[in-house]
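Chemist: Number 302 marks the last residue of the sequence shown (the working numbering); no jumps.
Heads up, the beta-carbon is just placed ideally off N, CA and C, and yes, glycines get one too.
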Amino acid sequence: MIKVIETIDVMRAYIKEARFAGKKIGLVPTMGALHEGHLTLMREAKAVCDVVVASIFVNPTQFGPNEDFAAYPRKFENDCRLAQGVGVDAIFHPQPSEMYPPGYSTYVNVSGITDKLCGQSRPGHFQGVATVVTKLFNIVQPDTAFFGQKDAQQCLVIQRMTADLNMDIQIVMVPTVRDANGLALSSRNAYLSPEEIQAALVLAQSMRLADHAVKAGERNIAAIRDMVRNKIQSEPKAEIDYVEIYQYPDLQATDVLANKALLALAVRFGKTRLIDNIILSV
Ligand code: PAF
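Have a look at this one:
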């Protein structure tokens, strides 16, 4: 039976015992509303770690004042069942007051790579992510932590943070899981109407165009970006937040594709903002 742990003290005691027994610990941080993307991270963790902890915590500090914190899907019972099905050993499910008690005043800021893409569209978002992930790392003390490529900038921020702060934790980025039509799985897909789901397929289609163009020899970043923008704008329900291409993994601006680049998109369909990305490589 999967163990559900709600307090930091009990989580620490559980981890202490596992460490004492020489177990390798894997952490899959999530905000719940689990889908196949999360389950893939958990399976990956189970394959290389002895004890897998998944955290389910809708982290208030990474949502802006006008974002969907209150509406974010919460499906705890179902999440426990799904996590158990893929062999997760324990779920860490704290209340916000356990993570941010009265008087809480400490935040983690990663500069540079957070000033663009989602960092620009969602001010404060990555401070909230870096803070909660640091806290989860300190509480669970994993050897390895697993994150999805759909949030590629988030993975890079966490990799930067662990390197800069000498956290002895291996960060694994697991490829994005897509449905049969190419739509990246996301808990926020639950907000989409059937028409919006259909419209959102333009994201994968536009990235495929870019990938084909690069494979055919295109190296001009502006030309690739325009191609993707034009494709997305051909869908009347799509409203672009950003379409950008940066060198990967340092996220520096570049005019010419050399080696690897991150093509990253944020696009609204109705009230729902979706992100997606692919790594272009020559
Ligand atoms: O990717 C997410 O679900 C969240 O940003 C994370 C990493 C669990 C931090 O709250």
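Bridge partners for PRO93 per DSSP, in chain order?
Modeler: Within the sequence shown, residue 93 is the residue found at index 73, counting from 1. PRO93 is not bridged to any residue.
Chemist: In whole angstroms, give me the CA-to-CA distance for ASP184 and ASP135.
Modeler: Position 164 of the sequence shown, counted from the first residue, corresponds to residue 184. Position 115 of the sequence shown, counted from the first residue, corresponds to residue 135. ASP184 and ASP135: Cα-Cα distance of roughly 17 angstroms.
Chemist: Is the separation between the beta-carbon of ALA220 and that of LEU294 shorter than 8 angstroms?
Modeler: Here the question's residue 220 lines up with position 200 in the sequence shown. Here the question's residue 294 lines up with position 274 in the sequence shown. Yes, these two residues count as a Cβ contact at 8 angstroms.
Chemist: Can you tell me whether DSSP reads THR126 as helix, strand or coil?
Modeler: Numbered from its first residue, the sequence shown carries residue 126 at position 106. Here THR126 sits in coil by DSSP.
Chemist: Would SER206 pass as a contact of LYS257 if the rule is Cβ separation under 8 angstroms?
Modeler: Residue numbering aside, residue 206 sits at position 186 when the sequence shown is read from its first letter. Residue numbering aside, residue 257 sits at position 237 when the sequence shown is read from its first letter. Contact: no.
Chemist: Between PRO143, THR151 and CYS138, which has its C-alpha nearest SER125's C-alpha?
Modeler: For the purposes of this step, residue 125 is taken as residue 105 along the sequence shown, with counting starting at 1. Nearest C-alpha to SER125: THR151.
Chemist: Based on Cα-Cα distance, which residue from HIS58, GLY84 and GLU87 lies nearest to VAL73?
Modeler: Along the sequence shown, read from residue 1 onward, the residue named residue 73 stands at position 53. Comparing Cα positions, the closest option is HIS58.
Chemist: By how many angstroms is the C-alpha of ASP231 removed from the C-alpha of GLU255?
Modeler: Translated into positions along the sequence shown, residue 255 becomes position 235. Translated into positions along the sequence shown, residue 231 becomes position 211. Taking the straight line joining both Cα atoms gives about 19 angstroms.
Chemist: Give the DSSP-derived three-state secondary structure of ARG142 in the structure shown.
Modeler: On the sequence shown, residue 142 is found 122 positions in, with the first residue counted as 1. If DSSP states are grouped into helix, strand and coil, ARG142 belongs with coil.
Chemist: If you measure from each residue's Cβ to the nearest non-hydrogen atom of ligand 1, which ones come out under 6 angstroms, in chain order?
Modeler: After applying the 6 angstroms Cβ criterion, the set is PRO49, THR50, MET51, ASN79, GLN82, VAL149, VAL152, VAL153, ASP171 and GLN174.
Chemist: If you drop the 5 nearest sequence neighbours on each side, which residues of the same chain put their C-beta closer than 8 angstroms to that of ASP100?
Modeler: Here residue 100 is taken as the residue at index 80 of the sequence shown, counted from 1. Here residue 100 is Cys; the residue named in the question, Asp, does not match the sequence. So the qualifying residues of the chain are ILE22, VAL24 and ILE111.
Chemist: Between the Cα of GLN218 and the Cα atoms of PRO49, ASP270, ARG39 and PHE289, which residue gives the shortest distance?
Modeler: As a first step, residue 218 is located in the sequence shown; it is residue number 198 there, counting from the start. Ranking PRO49, ASP270, ARG39 and PHE289 by Cα distance to GLN218 puts PHE289 first.
Chemist: Could you give the residue range of the alpha helix (DSSP H) that holds ASN297?
Modeler: Here residue 297 refers to the residue found at position 277 when the sequence shown is read from its first residue. Counting along the chain, ASN297 falls outside any alpha helix (DSSP H), though it belongs to the beta strand (DSSP E) covering 292 to 301.
Chemist: PRO49 lies in the alpha helix (DSSP H); which residues open and close that run?
Modeler: Counting from one through the sequence shown, the residue named residue 49 turns up at place 29. Taken as a continuous stretch (DSSP letters only), PRO49 belongs to no alpha helix (DSSP H), being part of the beta strand (DSSP E) at 45 to 50.
Chemist: Label ASN98 either buried or exposed according to how many other C-beta atoms from any shown protein chain fall within 10 Å of its C-beta, with 16 as the threshold for buried.
Modeler: Stepping through the sequence shown from its first residue, residue 98 is reached at position 78. Flag for ASN98 reads exposed.
Chemist: If you draw a straight line from the alpha carbon of MET181 to that of VAL130, how long is it in whole angstroms?
Modeler: Along the sequence shown, read from residue 1 onward, the residue named residue 181 stands at position 161. Along the sequence shown, read from residue 1 onward, the residue named residue 130 stands at position 110. Cα-Cα distance, rounded: 6 angstroms.
Chemist: Can you confirm whether the stretch 233 to 245 touches the stretch 116 to 123 when touching is taken to mean that 3 or more C-beta pairs between the two stretches lie within less than 8 angstroms?
Modeler: These segments do not touch.
Chemist: Ends of the beta strand (DSSP E) at MET193?
Modeler: Counted from its first residue, the sequence shown places residue 193 at position 173. Start and end: 190 to 194.
Chemist: How far does the alpha helix (DSSP H) with VAL177 in it reach, from first residue to last?
Modeler: Here residue 177 corresponds to residue number 157 of the sequence shown, with the count starting at 1. Counting along the chain, the alpha helix (DSSP H) containing VAL177 begins and ends at 172 to 184.
Chemist: By the DSSP assignment, the alpha helix (DSSP H) with SER117 in it spans what residues?
Modeler: Taking the sequence shown and counting its residues from 1, the one referred to as residue 117 is at position 97. 116 to 119 is the extent of the alpha helix (DSSP H) around SER117.
Chemist: Once you ignore the five residues that flank GLN104 on each side, which residues in its own chain have a CB closer than 8 angstroms to its CB?
Modeler: The residue given as residue 104 occupies position 84 in the sequence shown. Once the five neighbours on either side are set aside, the close Cβ partners of GLN104 are MET21 and ILE22.
Chemist: Find out if the Cβ-Cβ distance for the pair VAL71, ARG94 is shorter than 8 angstroms.
Modeler: Indexing the sequence shown from 1 puts residue 71 at position 51. Indexing the sequence shown from 1 puts residue 94 at position 74. Cβ distance not < 8 angstroms, so VAL71 and ARG94 don't count as in contact.
Chemist: Which residues bound the alpha helix (DSSP H) around GLU255?
Modeler: In the sequence shown, the residue the question calls residue 255 occupies position 235. Run containing GLU255: none; DSSP gives neither H nor E here.
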